[in-house]
Amino acid sequence: AQSVTQLGSHVSVSEGALVLLRCNYSSSVPPYLFWYVQYPNQGLQLLLKYTTGATLVKGINGFEAEFKKSETSFHLTKPSAHMSDAAEYFCAVITGFQKLVFGTGTRLLVSP
Amino acid sequence: DTGVSQNPRHKITKRGQNVTFRCDPISEHNRLYWYRQTLGQGPEFLTYFQNEAQLEKSRLLSDRFSAERPKGSFSTLEIQRTEQGDSAMYLCASSVGRAPIEEETQYFGPGTRLLVL
Chain V
6 AQSVTQLGSH VSVSEGALVL LRCNYSSSVP PYLFWYVQYP NQGLQLLLKY TTGATLVKGI
66 NGFEAEFKKS ETSFHLTKPS AHMSDAAEYF CAVITGFQKL VFGTGTRLLV SP
Chain A
2 DTGVSQNPRH KITKRGQNVT FRCDPISEHN RLYWYRQTLG QGPEFLTYFQ NEAQLEKSRL
62 LSDRFSAERP KGSFSTLEIQ RTEQGDSAMY LCASSVGRAP IEEETQYFGP GTRLLVL
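Those protein sequences? They're chains V and A, same order as listed. In terms of this note's numbering, the first sequence is residues 6 to 117. In terms of this note's numbering, the second sequence is residues 2 to 118.
In structure tokens, the structure reads:
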């Protein structure tokens, strides 16, 4: 069954530093991968998604992710963190049964 | 485009009571999804509708749970005889519904937070 694993329940960075949130997937078929962000008391917002084609995917708010089949990874990065990036980030994969399966999430903390 | 709305935003109930949540999808979105999110976890799929037809149900959706989408517009999720384990955030999402699910973006509402005492 398809699944995703997010390494690190919390990641702390300083404002202006590189953001790296890790996601590894397990899938027996070519995966469709997503990153969502959730701000407190709000629903989830799509940051970016990988379906087919270019392996480097650019999303909103300066985030990007690279699909690496050899490493079964889809890590999320941003060159320079901003205070407003503090939120919970979820990696997700579409399963063969066409359901979104989410990871457990990574809380990003940004300090001044 | 007003986004996906959910009501109520918060619900506190006593064990054994029935509760009903409502989701209004983005206008003209044909697919509607329900998820449950517990503390420290990612959302878990419960069920989804294509127009008024309920096409998929998770094993998480016990007999106490029922979802409807009359006329293919808003949807309701009812939980009968609530248990403390039902305490969670219930999220609704919608998508256009004219392409394969994996190619579509699901737009999420703010959720309904349920606390069962």
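The beta carbon of each residue, even a glycine, is placed where N, CA and C say it ideally should be.
In chain order, Tyr41, Gln43, Gln47, Gly48, Leu49, Gln50 and Leu51 make up the part of chain V whose C-beta sits under 9 Å from the C-beta of Phe109(A). At a cut-off of 8 Å between beta-carbon atoms, Gln103(V) makes contact with chain A. Note: Val42(V) is bridge-paired with Gln50(V) and Tyr94(V) in the DSSP secondary-structure output. Looking at the backbone, the Cα of Pro26(A) and that of Tyr44(V) are separated by about 20 Å.
Neighbours of Ile99(V) in chain A, taken as residues whose beta carbon is under 8 Å from its own, are Ile102 and Glu103 in chain order. Per DSSP, His15(V) is one residue of the beta strand (DSSP E) stretching across His15 to Ser19. Taken through DSSP and simplified to helix, strand or coil, Asp87(A) comes out as helix.
Counting only the Cα atoms, Asn66(V) lies some 31 Å from Phe50(A). Collapsing the DSSP output to three states places Lys104(V) in coil.
At a cut-off of 8 Å between C-beta atoms, Phe66(A) does not count as an interface residue with respect to chain V. Close partners of Phe107(V) in chain A (Cβ separation under 9 Å): Tyr36, Gln38, Gln42, Gly43, Pro44, Glu45 and Phe46. For the options His15(V), Thr109(V), Gly108(V) and Met88(V), the alpha carbon positioned closest to that of Ser116(V) is the one of Met88(V).
Close CB contacts of Ser85(V) within its chain, under the 6 Å cut and outside five residues either way in sequence, are with Gly21 (chain order).
Just measuring C-alpha positions, the residue of Pro44(A), Gln107(A) and Asn31(A) sitting nearest Gly98(A) is Asn31(A). Leu118(A) places its beta carbon 8 Å or farther from that of Val20(A).
The segment 56-67 of chain A makes no contact with the segment 107-115 of chain V: fewer than 3 CB pairs, one atom from each, lie closer than 8 Å. In this structure, the beta-carbon distance from Ala94(A) to Gly110(A) falls below 8 Å. In this structure, DSSP gives Ser78(V) an extended state, which the three-state scheme calls strand. Judged by DSSP in its simplified three-state form, Lys72(A) adopts helix.
The count of Cβ pairs closer than 8 Å, one atom from the segment 11-18 of chain A and one from the segment 58-76 of chain V, stays below three, leaving the stretches out of contact.
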